[in-house]
Amino acid sequence: MHPIITTQAPQGMFEYPCYPMEKQPKDQTFYNYFPGSRVTSYLDAFSTHKLISGKTLQERIIFNSHVKHIAKSQETWTIETESETTFTSRKLIVATGLTSTPNLPSFPKGSFTPPIIHSRSLAASVPLISSPTVNDVVVLGGSKSAFDAVQILHSLNKSVTWIIRTTGQGPAFLAAPNAPWPLHSSHEIISMRAVAKMSPCIYEPVDSWARFCHGNKVGIRMVDAVWSFVDWMWRRVAKFDRDENMKGLKPGRTVYLSADGLAVSNAKGLWDNVSKATILRDEVERAEGHELVPMFDDALAMELGLPIPPQKAQDDGTDAAAWDDLFAEADKRVVEAFPRLANLPSYPHAEPKSTPSKLYRSIIPITAGGIDHSIAFVGAIGSAQSLNIAEIQALWAAAYLSKKLSLPTEEMMKKEVALSIAWRRRRYLEDGYNIIFEHVQYMSLLLRDLGLNDLRKGGGWRELLVPYVSADFRGILEEWRELQAAL
Numbered sequence: 012m013h014p015i016i017t018t019q020a021p022q023g024m025f026e027y028p029c030y031p032m033e034k035q036p037k038d039q040t041f042y043n044y045f046p047g048s049r050v051t052s053y054l055d056a057f058s059t060h061k062l063i064s065g066k067t068l069q070e071r072i073i074f075n076s077h078v079k080h081i082a083k084s085q086e087t088w089t090i091e092t093e094s095e096t097t098f099t100s101r102k103l104i105v106a107t108g109l110t111s112t113p114n115l116p117s118f119p120k121g122s123f124t125p126p127i128i129h130s131r132s133l134a135a136s137v138p139l140i141s142s143p144t145v146n147d148v149v150v151l152g153g154s155k156s157a158f159d160a161v162q163i164l165h166s167l168n169k170s171v172t173w174i175i176r177t178t179g180q181g182p183a184f185l186a187a188p189n190a191p192w193p194l195h196s197s198h199e200i201i202s203m204r205a206v207a208k209m210s211p212c213i214y215e216p217v218d219s220w221a222r223f224c225h226g227n228k229v230g231i232r233m234v235d236a237v238w239s240f241v242d243w244m245w246r247r248v249a250k251f252d253r254d255e256n257m258k259g260l261k262p263g264r265t266v267y268l269s270a271d272g273l274a275v276s277n278a279k280g281l282w283d284n285v286s287k288a289t290i291l292r293d294e295v296e297r298a299e300g301h302e303l304v305p306m307f308d309d310a311l312a313m314e315l316g317l318p319i320p321p322q323k324a325q326d327d328g329t330d331a332a333a334w335d336d337l338f339a340e341a342d343k344r345v346v347e348a349f350p351r352l353a354n355l356p357s358y359p360h361a362e363p364k365s366t367p368s369k370l371y372r373s374i375i376p377i378t379a380g381g382i383d384h385s386i387a388f389v390g391a392i393g394s395a396q397s398l399n400i401a402e403i404q405a406l407w408a409a410a411y412l413s414k415k416l417s418l419p420t421e422e423m424m425k426k427e428v429a430l431s432i433a434w435r436r437r438r439y440l441e442d443g444y445n446i447i448f449e450h451v452q453y454m455s456l457l458l459r460d461l462g463l464n465d466l467r468k469g470g471g472w473r474e475l476l477v478p479y480v481s482a483d484f485r486g487i488l489e490e491w492r493e494l495q496a497a498l
């Protein structure tokens, strides 16, 4: 982890609820955002703090072992690694997340063969890029990792050319790190249930407040005014209009419609530092994508509802047509529930490289043979409180795999999956995996599925106006065990 990289979530919101993180001194944080190296030491401590059947979590991890193939025969999963080691199990949890496979572009280079480094490997490549023989570096892409790369290169006194294509989402929308009193950070703004209510969301029943905010003309104007203020507040910190070069980093979308491209300006002097790069908005000649779950064969990936290339999905005409019907029905439900989503602006966006994930609750597949309770996926959704969601998803997945979770019928689950995909296509204008303004409702949804109390603030005004933090979910495993013991 490079020392200048800091977290995208502040203290109190980036820790497992079951294992509190020691607070960093204020002079070692930036608006409560703290060094990424602290995350490394925290995760190391977490992996060794508890014995389970005589072993710590770290002792159970096989490092540097890449999975090359996963298959299922009858009731057994077989996992093969690149080192030719094979494991078998009756239950399988896939926790590779969304960004474990680098998306490296490929270009015709001729006789010029410069090293191509993915941002994931940037810290490990510091000896190379800090060499006095390296003077000029080109950064491709506009995501937050590109901002981090430019920051690191600026600290090494390199000349940076930054290319962001015009056909994608454009540069990331970086929220200001702070927030108006009495809040401390921008994360606290989007972790309040009152603010979450101002985003049309299918993770909770549509109540009178939702109908007012997203179906009533007065309510829509009020919500638009709130989001316009947040948009203005976060943009003004960057001072995009300081010169023509900086205008290249101006987000094309409003903050309300941002998801995968939303992040935080989490370092002192970030905007001044990145402004030193030469920023170009242009197209790249060629770029190649990557498979989200390359260890599954196409047929099994399709059966599990995992993302696959669109053409391969069309090859299975019957199933694709059935899902298209479900999407059309779900889209009508979204528009009826949230009329404000009926007509939305159009922005440049890249064509999808894969079909949307069809996992129920973004965790389990709905297979043709019915629910078999043998596989679950965690970390297949991105959010502003990733470790809180990770712990809640882990409990949900464990309950499912042990057949202690009540589920609706297969037909109802497919309709729920279609509703989630149709909602996101309108709410964020495309398929994707990040939920930024709805993570509180998503966590509540999973807790309600488990039969646990999802209103963790005690009700009343605190439930609406006090931001949710990791401590609010402390003890959910014990609560679930007590619930199971009482059944």
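Per the numbering used here, the sequence shown starts with residue 12, numbered consecutively. A virtual CB, placed ideally from N, CA and C, is assigned to each residue, including glycine.
| Query | Result |
| --- | --- |
| When the Cα of Val206 is compared with those of Met32, Leu416, His450 and Gly153, which residue comes out closest? | His450 |
| Give the straight-line distance between the Cα atoms of Leu317 and Leu337, rounded to the nearest whole angstrom. | 17 Å |
| Output the residue ranges of the beta strand (DSSP E) runs that lie fully inside the stretch 156–191 and measure 3 residues or longer, sorted by chain position. | 170–175 and 184–186 |
| Do Phe349 and Pro211 have their C-beta atoms closer together than 7 Å? | yes |
| CA-CA distance, Tyr30 and Ser58? | 10 Å |
| Counting only the same chain and skipping the five closest in sequence on each side, list residues whose C-beta sits under 6 Å from that of Ser154. | Ala183 |
| Under the rule that 16 or more other beta-carbon atoms within 10 Å means buried, what is Gln495, buried or exposed? | exposed |
| Assuming Val500 is part of the alpha helix (DSSP H), what are its boundary residues? | What the structure shows of the chain is the stretch from 12 to 498, and residue 500 is not part of that stretch, so it cannot be assessed. |
| Measure the alpha-carbon distance for Glu93 versus Ile447 and round it to whole angstroms. | 35 Å |
| By Cβ distance, which residues of its chain are closer than 6 Å to Asn284, with the 5 residues on each side in sequence left out? | Gln162 and His165 |
| Using the C-alpha atoms, what's the distance from Arg292 back to Tyr453? | 35 Å |
| Using DSSP with H/G/I as helix, E/B as strand and the rest coil, what is His80? | strand |
| Leaving out the 5 sequence neighbours to the left and right, which residues in its chain are closer than 6 Å to Gly230 when beta-carbon positions are compared? | Phe223 and Cys224 |
| Thr37 to Ser197, Cα distance in whole Å? | In the sequence under discussion, the amino acid at residue 37 is Lys, which differs from the Thr named in the question. Each residue's Cα considered, the two are about 17 Å apart. |
| Mind checking which residues open and close the alpha helix (DSSP H) that includes Ile90? | Counting along the chain, Ile90 falls outside any alpha helix (DSSP H), though it belongs to the beta strand (DSSP E) covering Thr87 to Thr92. |
| Which of the three DSSP states is assigned to Gly381 in this structure? | coil |
| Using 7 Å as the threshold, is the C-beta distance between Pro478 and Ser202 below it? | yes |
| Quick one: residues in its chain with C-beta nearer than 7 Å to the C-beta of Ala106, no 5 flanking neighbours on either side, listed in chain order? | Val389 and Gly390 |
| Tell me, which residues are paired with Asn445 by DSSP? | Gly393 |
| Please name the residue in Asp460, Leu466 and Ile73 whose C-alpha comes closest to that of Ala410. | Asp460 |
| Just checking, does the stretch 431–438 make contact with the stretch 339–354 on the three C-beta pairs under 8 Å criterion? | yes |
| Which ranges does the alpha helix (DSSP H) cover as unbroken runs of at least 4 residues, wholly within the stretch 411–476, from first to last along the chain? | 421–438, 450–460 and 471–476 |
| Could you name the residues of the same chain whose beta carbon sits closer than 6 Å to that of Gly486, not counting the 5 residues immediately before and after it, in chain order? | none |
| Tell me, please, which residues DSSP counts as bridged to Lys66. | Ile63 |
| Can you list, in chain order, the residues of its chain with a C-beta nearer than 6 Å to that of Ile128? Leave out the 5 residues immediately preceding and following it. | Ser136 |
| For Ile290, which of Arg204, Thr177, Gly47 and Ser276 has the nearest alpha-carbon? | Thr177 |
| I'd like the span of the alpha helix (DSSP H) that includes Thr51, first residue to last. | Gly47 to Phe57 |
| Does the distance from the C-beta atom of Gln180 to that of Gly108 stay below 7 Å? | no |
| Can you give me the C-alpha to C-alpha distance between Gln85 and Lys228, rounded to a whole angstrom? | 55 Å |
| By the DSSP assignment, the beta strand (DSSP E) with Ser100 in it spans what residues? | Thr97 to Ser100 |
| Anyone know if the C-beta pair for Ile377 and Glu427 falls short of 7 Å? | no |
| How is Val275 classed by DSSP in three states: helix, strand or coil? | strand |
| Just how far apart, CA to CA, sit Glu474 and Ile374? | 27 Å |
| Quick check on His301: buried or exposed, where buried means 16 or more other Cβ atoms within 10 Å of its Cβ? | Caution is warranted here: a pLDDT of 44 is assigned to His301, below 50, making its placement in the model unreliable, and the coordinate value is therefore given only provisionally. Classification of His301: exposed, given that the 10 Å Cβ count is below 16. |
| Should Trp491 be labelled buried (16 or more other beta-carbon atoms within 10 Å of its own) or exposed? | buried |
| Please state whether the Cβ-Cβ distance between Tyr44 and Thr87 is less than 7 Å. | no |
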